[in-house]
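From first to last, the protein sequence lines are chains A and B.
Each residue of the first sequence is one higher than the last, beginning at -4 in my numbering.
Each residue of the second sequence is one higher than the last, beginning at 446 in my numbering.
So the structure is just underneath, and the comments pick up after that.
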Amino acid sequence: MELITEQFPIVIHSLNIGFIQTLKLFFVTLLGAVPLGLLIAFGSMSKFRPLSYLMKVIVWIIRGTPLMIQLLIIYYFPGLVFGNSIWIGETGRFVAASVGFIFNYACYFSEIYRGGIQGVPKGQEEAGLVLGMTKSQIFFKVTLLQMIKRIVPPMSNEIITLVKDTSLARIIALQEIIWAGQSFLKGSQGIAGQIWPLFFTAVYYLIFNGVLTVLLGRLEKKLDYFR
Amino acid sequence: MAILEVEHLHKNFENTEVLKDISFSLEKGQVLSIIGSSGSGKTTLLRCLNFLEKPGGGRIRVNGETLFDAEDPGSMQESEIRKKRLHFGLVFQSFNLFPQYTALENVMLAKELLAKAQPDYKARKKEIHAEIESEAKSLLKQMGLADRMTNYPHQLSGGQCQRVAIARALALKPDILCFDEPTSALDPELTGEVLKVIKGLADQETTMIIVTHEMAFARDVSSHVLFMDDGCILEQGTPSEVFEHPKEERTKQFLSRFTNG
Ligand SMILES: Nc1ncnc2c1ncn2[C@@H]1O[C@H](COP(=O)(O)OP(=O)(O)OP(=O)(O)O)[C@@H](O)[C@H]1O
Ligand SMILES: [Mg+2]
């Protein structure tokens, strides 16, 4: 098979399957890291010193080392210690990748949350208190939306980065889109020595990030009515 | 009977004593001005009255009811404090309007939240809402903001923001309305409009405590003046007693900065 028109449908089919794995990793990471990041943020703002120090050290380690190394450690460490890996098959690799991504992104998100929470002036809470509001009324009616407004732009950046970072899961052989594209280099389904499928994966990232940029931009715009 | 009685109020921050034995009283419908140099404890006193700070000692009574007594720990229960706060209103130097709400919504918000706790709220929802809205509108009109009700705080000038903040505090009908340097964050050309509104409230016999550096205004509007220095009330009396015939050397020194400068 030489003609690109013949190869194209086969390649696209494989890339689609890889991209679904990419999307799954993306959404699972968001689903896990968004709430976990909030817990870490509260922990690092805690008045209980040991907890806040512990959280700060964890965030420092996770943010200070490459995600790729974290993935490798999570994937290979159990095997080295217990003699056999706990991550079995594609499902095992997906769970390992998810754990790594969720922890990594939760740490980045926690710093963004912390900035958003601490960025709301103390006077807002005090104004609410003086007006006889309860703490929860103040949170839900006054400060929450101001925090969200502060959080949305940096979160958008992180989310766009996450889309591209999912490709790092290739290092533990997760069959995401880069892995799928690369398979045609080594040979797969009668196609070998082809580099263009790998290059073509970029189109998927571009389109997905384009859609996300538009959606997140709309959200940001929605919150533009106040300062 | 005095509407407000403050007795032997103390407040410490860590090791510094910021309020040392503050006692004064205020009659209903009167205006009390508090003057004094920076760091003398004026803001801290207002914050104690509004329960934003917990005093270390003393008593606060409003209409004869003891709101705070350092000897009675039960008087500082969280659930109780919220109700007690409603006796006081506080207008901040930096307005602290809620940016995501319009001027009208800022004035209505707290009242609506309080109304929700009423037993008959569900049955009379529409009626209550209309009532709150019309009261808020008439307050904003009184503040000269009839054509600014649907604007957000960032669309208003500092003077307009502060007048919204005053309306917001008045909406809850506090017994005593406190102002912490209400014009200090404003451009000089905007202070007049805010002072005029406060003067209007004084003429309607609104009970007020005003911390201010506007000496001419304090003299004009108040029935009583306190001069605070280093956490103490050094001198108090009628405006003419304090401004024209100050007894203490520190008061004279402080006032001379305003007459000469
Ligand atoms: N939260 C705090 N923690 C520690 N010290 C504080 C705190 N708030 C105020 N102080 C100190 O208490 C003293 C009185 O402060 P306060 O703000 O009441 O003075 P003020 O009379 O309002 O001054 P200004 O005219 O500058 O507003 C100051 O020395 C200040 O540094
Ligand atoms: Mg002050």
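All C-beta atoms, glycine included, are put in the ideal place defined by N, C-alpha and C.
Since we're looking at a predicted model, the values are computed, not measured.
Asked	Found
DSSP state of Ser131(A), grouped into three classes?	helix
Would you mind sorting Glu693(B) into buried or exposed? The rule is 16 or more other CB atoms within 10 Å of its CB.	exposed
Heavy atom of ligand 1 less than 8 Å from the Cβ of Asp625(B), yes or no?	yes
Would you mind working out which of Ile190(A), Asp160(A), Ala187(A) sits nearest Leu66(A), comparing C-alpha positions?	Asp160(A)
In chain B, what lies closer than 7 Å to Arg222(A) by C-beta?	Pro544, His599
My output table needs one value for Leu34(A): the three-state DSSP class, helix, strand or coil.	helix
On the DSSP letters alone, give me the boundaries of the alpha helix (DSSP H) that Asn551(B) sits inside.	548 to 561
Along chain A, in chain order, which residues have C-beta atoms closer than 8 Å to that of Asn541(B)?	Pro116, Gly118, Gln119, Glu121, Ala122
Residues in the region 523 to 535 of chain B with C-beta within 8 Å of chain A's C-beta atoms, listed in sequence order?	Arg527, Lys528, Arg530, Leu531, Phe533, Gly534, Leu535
Under 6 Å Cβ to Cβ from Gly706(B), same chain only, skipping five residues before and after it: list those, please.	For Gly706(B), the predicted structure reports a pLDDT of 49, less than 50, and the residue's modelled location is therefore unreliable. The matter cannot be settled from this model.
Run through DSSP, which three-state label would Leu585(B) get?	helix
Mind the definition here: the region 651 to 665 of chain B touches the region 468 to 483 of chain B only if three or more C-beta pairs lie below 8 Å; say whether that holds.	yes
Could you check how far apart the C-beta atoms of Leu622(B) and Gln607(B) are, in whole angstroms? I think they sit under 8 Å.	Rounded, the Cβ-Cβ distance is 13 Å, inconsistent with contact.
For Val507(B), which three-state DSSP category applies?	strand
Per DSSP, which one or two residues make a beta bridge with Gln681(B)?	Leu671(B)
Between which residues of its own chain and Lys529(B) is the CB-CB distance below 6 Å, once the five residues before and five after are set aside?	Leu512
Residues of chain A with CB under 8 Å from Leu497(B), in chain order?	Glu121, Leu124, Val125
Rounded C-beta distance between His532(B) and Val552(B)? I'm assuming under 8 Å.	The Cβ separation is near 19 Å, so there is no contact.
With 9 Å set as the bound, which would you pick, yes or no: does the beta-carbon of Val137(A) sit closer than that to a beta-carbon of chain B?	yes
According to the Cβ coordinates, are Leu601(B) and Leu646(B) closer than 9 Å?	no
Please find out if some non-hydrogen atom of ligand 2 comes closer than 8 Å to the beta-carbon of Gln16(A).	no
Could you pull the DSSP bridge partners for Ser178(A) from this structure?	Per DSSP, none; premise fails for Ser178(A).
Taking only the alpha-carbon atoms, compute the straight-line gap between Glu153(A) and Gly111(A) and give it to the nearest angstrom.	15 Å
Checking the sheet assignment: what are the DSSP bridge partners for Thr461(B)?	Phe458(B)
Since Glu452(B) sits in a beta bridge, which residues does DSSP pair it with?	Arg504(B)
Are the C-beta of Leu140(A) and some C-beta of chain B separated by less than 9 Å?	yes
For Met63(A), which residues in the same chain have their Cβ closer than 7 Å to its Cβ, ignoring the five residues on either side in sequence?	Leu163, Ile166
Kindly list, in the order they appear in chain A, the residues whose Cβ is closer than 7 Å to that of Phe792(B).	Absent from the structure is residue 792(B), since the part of chain B shown begins at 446 and ends at 706.
Helix or strand or just coil, what does DSSP make of Phe533(B)?	strand
Return no unless some Cβ of chain A is closer than 9 Å to the Cβ of Leu490(B).	no
Secondary structure at Phe624(B), three-state DSSP: helix, strand or coil?	strand
Let me make sure I understand the geometry here. Which of Gly74(A), Tyr108(A), Leu25(A), Gly176(A) has the alpha-carbon closest to that of Ile5(A)?	Gly176(A)
Lys499(B): beta carbon under 8 Å from a heavy atom of ligand 1?	no
Please find out if some non-hydrogen atom of ligand 1 comes closer than 8 Å to the beta-carbon of Thr478(B).	The question names Thr, yet the displayed sequence has Ser at residue 478(B). No, the Cβ of Ser478(B) stays beyond 8 Å of every heavy atom of ligand 1.
Could you give the DSSP three-state label for Met653(B): helix, strand or coil?	strand
Assign Glu85(A) to buried or exposed, taking buried as 16 or more other Cβ atoms, counted over all protein chains shown, within 10 Å of its Cβ.	exposed
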